[in-house]
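Have a look at the structure below before the remarks.
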Amino acid sequence: MSCQVRHGISYTLYMILPIVQTDVPLGYIDLGSGNPSLDLLPIEMLQRASELYFSSGDRRTLQYGAEHGIGYFLTALAEFLSAYLQLQVNSDALLVTNGASAALDMLCTLYTKPGDLIFVEEPTYFLARSIFADHKLQVETISVDQDGLDIDEVEKKLSREMPKFVYTIPTFHNPASVTLSQDRRDRLVNLAQQEDILIIADEVYQFLAYDHEPPEPMAVFSSQVEQVISINSFSKILAPGLRLGWIQTHPEVLSRLVRSGLLGSGGGMNPFTSAIAYYLIQAGDLADNIARLKGIYQHRLAAMDKALGLYLPEAEYTAPHGGYYFWVRFPGMDVSKMRARAWKSKIDFRPGELFSSQMGLQEYMRLSISYYDAPQIEQGIMELAKCLRGGD
Ligand SMILES: Cc1ncc(COP(=O)(O)O)c(C=O)c1O
């Protein structure tokens, strides 16, 4: 994904500055980036899995594949999810995708037409907003608080208008880092059933819990009801460059998805990469990688929390319990206006208004622990503090 699209430091700067082995220009600290640092991408695990794959000589995965994805990969994924989440996941509830983004785009294609209304959290993942804009969808926002999506507000708005779907990031939200409580999950699903509304639950941070486990993923409801579609990804637990993810939903819903023109023409998504991921999962490396990432991110999270307390005591935030993000409020400040000055100091962040469908949230910024190690995070927060205070 291009640097321009990820809304990092401006494209022009990327073009003129030397770029060495990283997608952030040399000398910059982009505290807003939600990319994992390059050292976290498990190239050795992928090499081992690839060697096993190539020595298998199995050419079937170089052929057009079954619409759901290749069978043995789906079985391995279902077994992994069942064991890791201690839930019963059946492979007939899974569909392979090119990541959560492609899943979301596909669902917009299949369930909406231009001008349709959808309910979206405020704030929400800013690049999901771009996907909705591509499909020319009309967005009605629903607030988010410490327990996630405000279900009273969903209920109130449903009495006036019917969306094609509700898009939610229930666990370790991007950018707000909050998690939908179990009670609200139950209420949301009841409402969806009563009103027959689709819930798209984007659960890409489900596996990255640092202190206590979050509620079970929304995906669990998909075995009971047809109104929940969970989208998930290997981007946060293995590597974004694999472009590999999955949909988990009711088999009845899947039977509609597999009849899409996209899968009809291209066959199932990513059979080749899925085959390599299969060997990696079978070797136990996925579970090991998640454990490794959790340890590293937990350490970085503590470093960012400490640095914010030390250098920016006026910042208001709740330290996350999982995922990547600190959603930081600076009361009375228009954070976007600080960005140009931050660039001059070789610092970047993501201003809150990127995550708003109403051009609001100016007092907020998103900071991330995914791209830098603890000393760089401390250095970055120190520089950010100087620049927010107008120093050099
Ligand atoms: C909430 C959310 N959904 C989806 C994505 C993109 O996932 P993928 O790489 O699987 O397309 C991200 C990545 O930042 C994300 O934060």
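Under the numbering used here, residues 578 to 969 are what the sequence shown spells out, in order. Virtual Cβ for every residue (Gly too), placed ideally from N, Cα, C.
Please identify the residue among the options whose C-alpha is closest to the C-alpha of residue i.
i	options	result
F742	T748, I958, H750, V731	V731
G899	T850, V766, P791, E738	P791
F703	M936, A951, R966	M936
R737	T895, I647, E717, S933	E717
L885	L839, S945, Q859	S945
R762	E644, D724, L785, A786	D724
G844	H645, Y661, G604	H645
D773	V802, K733, L757, A786	V802
P613	D760, A643, L870	L870
P691	Q624, D882, G967, F709	F709
Q825	L819, L617, V797, G838	V797
E621	G838, I853, A670, F650	I853
G611	P890, Y874, G967	Y874
H789	A879, P897, A880	P897
Please classify residue i as buried or exposed, where buried requires at least 16 neighbouring CB atoms within 10 angstroms.
i	result
Q598	For Q598, the pLDDT reaches just 39, beneath the cut-off of 50, and the residue's location in the model is therefore unreliable, leaving the point undetermined.
L687	exposed
I615	Position check: residue 615 holds Leu in this sequence, whereas Ile was assumed. So L615 counts as exposed.
G609	buried
F877	According to the sequence shown, residue 877 is Arg rather than Phe. By the neighbour-count rule (16 or more Cβ atoms within 10 Å), R877 is buried.
Y787	buried
M683	buried
Q759	exposed
G861	exposed
T895	exposed
A679	buried
P890	exposed
D642	Here residue 642 turns out to be Gly, not Asp, going by the sequence shown. Buried.
Straight-line CA distance for residue i to residue j?
i	j	result
M942	K963	16 Å
G872	G634	36 Å
E656	V835	22 Å
S668	T674	14 Å
A892	L629	49 Å
S799	S947	30 Å
K713	Y888	42 Å
L735	S707	24 Å
S632	A626	10 Å
F784	Q939	30 Å
S842	Q640	13 Å
K921	G604	11 Å
M910	A919	14 Å
S851	M739	37 Å
Q624	G838	34 Å
L658	V666	6 Å
Q771	Y744	17 Å
F849	Y649	12 Å
P602	R833	44 Å
L819	L965	37 Å
A660	D882	32 Å
C685	P908	36 Å
To which residues of the same chain is residue i closer than 6 Å at the C-beta, ignoring the five residues directly before and after it?
i	result
A769	I776, Q804
L765	I728
Q663	none
M795	P747, A778, V805, S807
M846	V673, T674, N675
Y856	A626, L629, Y630
P619	N866
L651	S668, L671
CB-CB under 7 Å to residue i, same chain, minus the five flanking residues each way: which ones, in chain order?
i	result
I606	K923, I924, Y949, Q953, Q956, G957, E960
S933	E699, P700
Q859	A653
L840	E644
A951	H876, R877, A880
In chain order, what residues of the same chain lie with their CB nearer than 8 Å to the CB of residue i, ignoring the 5 residues before and after it?
i	result
A677	D779, V781, I808, N809, S810, S812, G822
T689	I695, H712, L714, K741, F742
V721	E698, E699, P700, D727, H750, A753, V755
E681	For clarity, residue 681 is Leu in the given sequence; the question names Glu instead. A705, I708, Y744, I777, D779, I808, listed in sequence order.
I1022	Given that the chain is displayed from residue 578 to residue 969, the structure contains no residue 1022 and the question cannot be resolved.
I719	F696, V697, E698, E699, L726, D727, E730, V731, K734, V743
* Pair every Cβ in the stretch 747-763 with every Cβ in the stretch 886-905, then say whether three or more of these pairs are closer than 8 Å. => Under the three-pair Cβ rule at 8 Å, the stretch 747-763 counts as touching the stretch 886-905.
* **Cβ contact (3+ pairs, closer than 8 Å) linking the stretch 906-916 and the stretch 924-939** => Segments in contact, yes.
* To do: Tell me, please, whether the stretch 689-702 touches the stretch 827-839 by the rule of three or more beta-carbon pairs shorter than 8 Å.
  => Counting Cβ pairs under 8 Å, fewer than three are found: no touch.
* Please determine if the stretch 804-818 and the stretch 857-867 are in contact, where contact requires at least 3 C-beta pairs separated by less than 8 Å. => Segments in contact, yes.
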